[in-house]
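Visitor: In our numbering, the protein residues as written are 48 to 217.
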Amino acid sequence: MQPSSVTERQAGQSSPAPLHVLTLGLDQEVFALETERVLEVLDVVAVTTVPNARRFIRGLINVRGRVVPVTDLRSKFGMGDAPTTPDTRIIVIEVVLRGQLSTVGILADRVYEVAELPHASLEETPRLGMTWRPEFIKSIGKRGDGFVIVLDIEKVFASEEAPISSPAGS
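1. Is the distance from the Cβ of V94 to the Cβ of V117 below 8 angstroms?
2. Taking the alpha carbon of V197 as the point to measure from, which residue in T96, P63 and H67 has its own alpha carbon closest?
3. Could you please give the first and the last residue of the uninterrupted beta strand (DSSP E) stretch that includes S186?
4. Please report the residue range of the alpha helix (DSSP H) in which S122 lies.
5. Spatial neighbours of D74 within its chain, please: C-beta separation below 6 angstroms, excluding the five flanking residues on both sides.
6. Going along the chain, which residues of its own chain have a beta-carbon closer than 8 angstroms to the beta-carbon of V91, five neighbours each way excluded?
7. Nearer than 7 angstroms: is that true of the beta carbon of D134 relative to any heavy atom of the ligand ZN?
8. What residues in its chain sit with their C-beta under 8 angstroms from that of L148, if we drop five residues either side in the sequence?
9. Starting from F194, trace the alpha helix (DSSP H) both ways and give me its first and last residue.
10. Residue ranges of each alpha helix (DSSP H) run of no fewer than 4 residues wholly in the segment 61-116, ordered along the chain?
11. Spell out the partners DSSP gives G152 in its beta bridges.
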């Protein structure tokens, strides 16, 4: 028996699965990474600096016998420096860099939670009035009274130098 109305047909369709994200804080902003990218979250460990590395590369860490570069997202995003606190974390993720799957660490001021963002709460990045470069953002998720910026982490890492934010009004 076929559904007779549009509402009945829509009710028979399953809605897309929610987006599972790890939410993190940088300065006063809340960002999110898709959990499928996240391997683990670490307390800050000793980072070995690398001479002549790009300004946003904090250094290298050893994760289960693997050498992992750590990127300081605050520096990458053009934010001011902040001291490491007890809340600071290194998020170990997998990204595709130059066509190859790579393991990298990203330094975040804090990690909040793993959350579900219903697809209905996700919107495209507004192009007008944003200080964030929209090409690095997959979507904006609405949560309660606030927003979560879902990062396109491959594009963030593909950009070698340009910070994610641009001057207001550009």
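By construction, the Cβ of each residue, glycine as well, lies at the ideal position given by its N, Cα and C atoms. Since the model is a prediction, treat every value here as computed from it, not as a measurement.
Guide: The structure says:
1. In contact: V94 and V117 (Cβ atoms closer than 8 angstroms).
2. Out of T96, P63 and H67, H67 has the C-alpha closest to the C-alpha of V197.
3. Here the beta strand (DSSP E) through S186 covers I184 to R190.
4. Per DSSP, the continuous alpha helix (DSSP H) segment holding S122 begins and ends at L120 to K123.
5. Answer for D74: M126, listed in chain order.
6. Excluding residues within five positions, the ones whose Cβ falls inside 8 angstroms are T131, T135, R136, I137 and L154.
7. Ligands are entirely absent from the displayed structure, and the ligand ZN is therefore not among its contents.
8. Same-chain partners within the cutoff: E141 and V142.
9. Premise fails: F194 lies in the beta strand (DSSP E), G193 to L198, not in any alpha helix (DSSP H).
10. The segment 61-116 contains no whole alpha helix (DSSP H) run of 4 or more residues.
11. The beta-bridge partner set that DSSP reports for G152 consists of V117 and V139.
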